[in-house]
Structure formats: structure tokens, C-alpha cells
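**Student:** Quick note on numbering: the sequence shown equals residues 2 to 213 in this note's numbering. The beta carbon of each residue, even a glycine, is placed where N, CA and C say it ideally should be.
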Amino acid sequence: VKALTQAGYRVIMPDMRGHGQSGKPHDKQAYTLSTMAMDLIALLDHLGEPGADLMGYSMGAMVSLVAAMERPERFDKIVAAGVGAKLLDRSFDDSGRDPGPVIEALLTDDPSSIENKGALLFRTFADQNGQDREALAACFEAVRAPFPVEGLGGIKRPVLVVAGETDVQAGAPGPLAERMPKGKAVTVPKRDHMKTVGDRAYKEAVLAFLAG
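(1) Taking the straight line between their C-alpha atoms, what separation do you get for G9 and D200?
(2) Classify T197 as buried or exposed, calling it buried when 16 or more other Cβ atoms lie within 10 Å of its own Cβ.
(3) Between the beta-carbon of A143 and the beta-carbon of T33, is there less than 7 angstroms?
(4) On the criterion of 16 or more Cβ atoms from any shown chain inside 10 Å, does I13 qualify as buried, or is it exposed?
(5) With DSSP as the reference, please indicate the residues paired to G165 in a beta bridge.
(6) Tell me which residues share the same chain as M37 and place their Cβ nearer than 7 angstroms to its Cβ, disregarding the 5 neighbours each side in the sequence.
(7) Give me whichever residues DSSP pairs with G57 in a beta bridge.
(8) Is the beta carbon of V150 less than 7 angstroms from the beta carbon of L89?
(9) In its own chain, which residues sit with a C-beta less than 6 angstroms from the C-beta of L55, not counting the 5 before and 5 after it?
(10) On a Cα-Cα basis, can you pick out the residue from A186, G172 and G184 that is closest to K87?
(11) Which of the three DSSP states is assigned to D95 in this structure?
(12) Run through the DSSP bridge pairs and tell me what V160 is partnered with.
(13) Given a threshold of 16 other Cβ atoms within 10 Å of its Cβ, counted over all protein chains shown, does H20 qualify as buried or as exposed?
(14) Put I42 into one of helix, strand or coil per three-state DSSP.
(15) Is the segment 180 to 192 touching the segment 154 to 166, taking contact as three or more C-beta pairs under 8 angstroms?
(16) Excluding the 5 residues preceding and the 5 following L5 in the sequence, name in chain order all residues of the same chain whose CB lies nearer than 6 angstroms to its CB.
(17) Secondary structure at Y32, three-state DSSP: helix, strand or coil?
(18) Since I believe G152 is in contact with M70 (beta carbons under 8 angstroms), could you give me their beta-carbon distance rounded to a whole number of angstroms?
(19) Which value, in whole angstroms, describes the spacing of the CA atoms of F123 and L107?
(20) Buried or exposed: K25, going by 16 or more other Cβ atoms within 10 Å of its Cβ?
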């Protein structure tokens, strides 16, 4: 956010459902990508903003892409980070996208029983930030639905896809970017899913894309 504001951008950073100060329903049906995409449209309407550039990370990137599919006239440029080739895989077999371990980690009463390192990381983050773990679990449960990859080709706006070189959850950004007419891919060297967003190379790529 600091890099964007210093570059002169007005930044609107909403908490997604299940996160921060936004509502935290425990029903997974409240967290479909389309529903959360429409939350963004409703927010723009509430603020009286006809349009905006759109940026999301991980699940936020998935929501951003769906928003661009459903209401393309409201967005100029889209940054989808923390996602990549794994988003194109409709199965969870060896894809790194299965949220099952994270859901189990969020709901268990015994954190010491969590064996999956990635899931333990999410659980620790949730505990440290006082998050509603049941709401987060419902949110992750909704991600089990296949991503609407057939709609990617209809996104006519410029899209920057960014992922870390060692991000096994996202996969390489290139195959995803190639599905969109104006897609561009950037790989952040030596970064995983958790560390990409804070990397200088990531920030520079985003600023250059938005200014271009």
C-alpha cells in the first residue's frame, strides 16, 4: 500500500468476507468467488467510483479475475498475484491447491497435531491476528469449487499475473497469463507464496504495469 500511495495512487483496500472487520458468516455459500466479486462492485457503487484498477493476492486474485469477467466495464488494469498455472487445474491431485489441510488446521482444537507445514503457517497467522477460524474455514471450503477458467479468454483488459519462483501453491504465472488476450507474467525470484508480496521486485513490477 505504501508503495502505491507514494506513487500517487488512491488505494481502497477492503477486507474480504471472513477477514478483518468485514462480516464473517460460517456458511461456505457466502464465499463463492462470484459473490465476493460482487462485493467489490457494491463497494465501488457505495463510494461513487465508476471504475478502478484492481489488484488481489491469492484468493483475492481469484476474486479479482472473476470480477473482471463479470463486470469488465468497471476495471481498467488488473493485477492477479499469488496465482498461476495451478489455477488452471480443475483437479486437486498433486496441484498444491487442495485447501483440505488448511481447513483441518483451522478447525482443529490441537494445533500441535498439524503436520502440513503450509497449513500450520495459515493456522499460526490466523491465531496471531485473532481471526475467526470457522469463517476462514468456510471461505477456504468455497475455494474447492473449480475456477471458471473458460471465462479467462473474455477478459480484454490488461492483466499482470505475478507469482514467486518457489510458490508451489500458485505455480508458474505464464500459463495463466497466456489464457488472457492482454495477459503478462512476472516471476519473482526465490520467493514463495508468503514472501512474494513484500518483495521489492514484486512492487516494482506492479508499479511499472500500472503506469504503463
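**Tutor:** On the basis of the supplied data:
(1) If you take the alpha carbons of G9 and D200, they lie about 20 angstroms apart.
(2) Here T197 is buried: its Cβ has 16 or more other Cβ atoms, across all protein chains shown, within 10 Å.
(3) In this structure, A143 lies near T33, with their beta-carbon atoms less than 7 angstroms apart.
(4) I13 is exposed by the Cβ-count criterion.
(5) When beta bridges are read from the DSSP output, G165 appears opposite V189.
(6) Leaving aside the five residues that flank M37 on each side, the residues in its chain whose CB is nearer than 7 angstroms to its CB run, in chain order, M17, R18 and V64.
(7) DSSP lists A81 as the beta-bridge partner residues of G57.
(8) Against a cut-off of 7 angstroms, the Cβ pair of L89 and V150 comes out as a contact.
(9) Answer for L55: S65, F76 and I79, listed in chain order.
(10) Nearest C-alpha to K87: G172.
(11) Because the pLDDT of D95 is 45, which lies under 50, any placement of that residue in the model is unreliable, and the number read from its coordinates should be weighed accordingly. DSSP places D95 outside both helix and strand once states are collapsed to three, so it counts as coil.
(12) Note: V160 is bridge-paired with I79 and G184 in the DSSP secondary-structure output.
(13) H20 is buried by the Cβ-count criterion.
(14) Of the three classes helix, strand and coil, the one that applies to I42 here is helix, per DSSP.
(15) Flag = yes, the segment 180 to 192 and the segment 154 to 166 touch.
(16) Apart from sequence neighbours up to five positions away, the residues of its chain that approach L5 with a beta-carbon distance below 6 angstroms are V12, ordered along the chain.
(17) The three-state reading of DSSP puts Y32 in helix, counting H, G and I together.
(18) Confirmed, about 4 angstroms.
(19) Rounded to whole angstroms, F123 and L107 show a C-alpha spacing of 8 angstroms.
(20) Buried.
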